Ligand SMILES: C[S@@+](CC[C@H](N)C(=O)[O-])C[C@H]1O[C@@H](n2cnc3c(N)ncnc32)[C@H](O)[C@@H]1O
C-alpha cells in the first residue's frame, strides 16, 4: 500500500495521507501488520537488503535537494532529527533549539574541547555549538554530497565526506564525539567495531553523546520491511544491544533518556504539505509523495512503541 501511495498520480493531500496511516486500526489489522511478512521471510528479505552498499542507501534518502529539505526543516539550523517540543505552542525552530540545548548540556563542554559530529547532516549541531560560543576545533562527517556542499560552502564548517563506519577517524583524539540521528544507519553487525572506534578515538575521560532510535521489542520486526522503502539497506538494532556493546568496549553509561519523536514528524509533514507546489517543482511528484507517506508511517512506528528515541551519554573512564 505504501508503494501504491508513493506512486499515486496525484499529490497526496495533507489530511488524506496523515489520516490514512495514523487512524486507529482494528485489532485484527493491527495483528496482521505485526506478523506479515512472516518472520523467516522478513529475515531473508532484510538480509538481502543489507548485502547492498550502505552508502548508496544514504544517498538515495539525503541527496534529494537541499532546497527541498529547506521547505520543511527548521529555518535556523536545518536539523533533520527529533526536536524537543516543551509545549504545544513551541515552533519547530524553538523545539530544535531546545533539543540542541539539551544535547549541549549532556556534552558538558567548557568551550575549548575538540569535538567530532558523526553524521552531521547540514551542520546544524556544529553551527549551534559555534553560536553557543564554542571555541575549540569542530569537525563533522557525512555521506551526503549535498549536505557537504551546504555545510562547507554556506556555513564554512570543517566537514568531510567520510564514512564513519568504514573509514578511520582522523585528527584523533577527541574530547567529545557525538551523533544525532546517525546510529540508526549502523547495521547490527557493524556496531561493535564502531563503538570500539569511538572509544579508541576519545581521550581518557572523554564523552560520546548520541541521540538515536532503536528497537524495543524484537529484532527484525515487520515494520523494518516497510522502512526499506525509505532507508534501503539500513536496519535498526535493539536498544539493549547498543547498551551491551557500549559496555563491552569499556564505556560507562551515565545518561539514557527517552523522548517523543511524534511532534517533530507531524511538524515536518505539515510544513511539507503547505509547500506542496514548490516541493513538486523541485523534486517531482514521486519524491513529494514519498515523504508525505514516510512521515505518517514513522509517526505510527513511534506511536506503537516499535522503537524509542534515546539520548545517551557514554563516558570513557579516566584510566
Ligand atoms: C538523519 S540525518 C541527521 C543529520 C544531523 N545529525 C541532524 O541532526 O540534522 C543522518 C546523517 O547521518 C549521515 N550518515 C549516515 N551514515 C553515515 C556514515 N556511515 N558515515 C557518515 N555519515 C553518515 C547522513 O549522511 C546524514 O547526514
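Numbering (our numbering), first residue to last: 22 to 340. Note that beta-carbon positions come from the ideal geometry of N, C-alpha and C, so glycine has one too. This structure is a prediction, so every number in the text was calculated from the model and none was measured.
Inter-residue spacing [alpha-carbon to alpha-carbon] between residue i and residue j
i: residue 220; j: residue 200; result: 14 Å
i: residue 302; j: residue 267; result: 45 Å
i: residue 247; j: residue 53; result: 14 Å
i: residue 249; j: residue 70; result: 8 Å
i: residue 62; j: residue 110; result: 44 Å
i: residue 203; j: residue 212; result: 12 Å
i: residue 83; j: residue 253; result: 12 Å
i: residue 241; j: residue 318; result: 17 Å
i: residue 100; j: residue 178; result: 15 Å
i: residue 56; j: residue 238; result: 13 Å
i: residue 33; j: residue 103; result: 24 Å
i: residue 214; j: residue 231; result: 16 Å
i: residue 45; j: residue 152; result: 43 Å
Residue j beta carbon less than 8 Å from that of residue i
i: residue 136; j: residue 154; result: no
i: residue 142; j: residue 174; result: no
i: residue 26; j: residue 36; result: no
i: residue 128; j: residue 218; result: no
i: residue 180; j: residue 163; result: yes
i: residue 236; j: residue 327; result: yes
i: residue 134; j: residue 114; result: no
i: residue 262; j: residue 334; result: no
i: residue 123; j: residue 105; result: yes
i: residue 140; j: residue 185; result: yes
i: residue 324; j: residue 283; result: yes
Residue i: CB within 7 Å of a non-hydrogen atom of ligand 1
i: residue 331; result: no
i: residue 165; result: yes
i: residue 254; result: no
i: residue 128; result: no
i: residue 100; result: yes
i: residue 263; result: no
i: residue 183; result: yes
i: residue 326; result: no
i: residue 318; result: no
i: residue 312; result: no
i: residue 122; result: no
i: residue 145; result: yes
i: residue 73; result: no
i: residue 142; result: yes
Beta-carbon proximity list for residue i, same chain, < 7 Å, skipping 5 on both sides
i: residue 205; result: 233, 234, 255 and 257
i: residue 307; result: 27 and 28
Proximal residues to residue i (C-beta, below 8 Å), its chain only, five neighbours per side dropped
i: residue 87; result: 143, 167, 168, 170 and 171
i: residue 224; result: 194, 195, 196 and 337
Proximity test, residue i beta-carbon vs ligand 2 heavy atom, cut-off 7 Å
i: residue 203; result: Looking at this structure, you won't find ligand 2 anywhere; what it does contain is ligand 1.
Same chain, Cβ closer than 6 Å to residue i, five either side skipped, listed in chain order
i: residue 339; result: 225 and 226
i: residue 289; result: 93 and 316
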